[in-house]
């Protein structure tokens with residue numbers, strides 16, 4: 417994700433903070449949706465968008481979502 421051309425929204429930063437705090441899981445559904453505090457994230461595109469940008473590791477696992485090194489660096493700089 418080129419943050420100069422596509423800056424992170426407040427919602428994106430909030431999702432990254434929730435992932436960093438250990439509050440997010442990757443669902444077992446085909447779309448690999450994010451679950452925050454036991455509920456599906458209302459912005460169903462945020463998780464896949466942040467994963468495609470290389471900020472969240474959704475990999476092939478279910479369970480806790482993790483920030484990538486890029487996600488950690490971006491969140492620290494925000």
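Numbering (my numbering), first residue to last: 417 to 494.
Yeah, the Cβ is synthetic: ideal placement off N, Cα and C, and Gly gets one too.
Legend entry - Identified DSSP bridge partners for residue 453: Counting from one through the chain shown, the residue named residue 453 turns up at place 37. DSSP output for residue 453 lists no bridge partner at all.
Legend entry - DSSP bridge partner residues for residue 482 (one or two, in chain order): Taking the first residue of the chain shown as 1, we reach residue 482 at position 66. Paired residue(s): 473.
Legend entry - C-alpha gap between residue 451 and residue 493, whole angstroms: Here the question's residue 451 lines up with position 35 in the chain shown. Here the question's residue 493 lines up with position 77 in the chain shown. For residue 451 and residue 493, the distance between alpha carbons rounds to 25 Å.
Legend entry - Selection from 423, 442, 454 that minimises the alpha carbon distance to residue 467: Counted from its first residue, the chain shown places residue 467 at position 51. The option with the nearest alpha carbon to residue 467 is 442.
Inset, instruction - In the DSSP assignment, find the alpha helix (DSSP H) that holds residue 428 and state where it starts and stops. - result: For the purposes of this step, residue 428 is taken as the residue at position 12 of the chain shown. 426-436 is the span of the alpha helix (DSSP H), which, as asked, contains residue 428.
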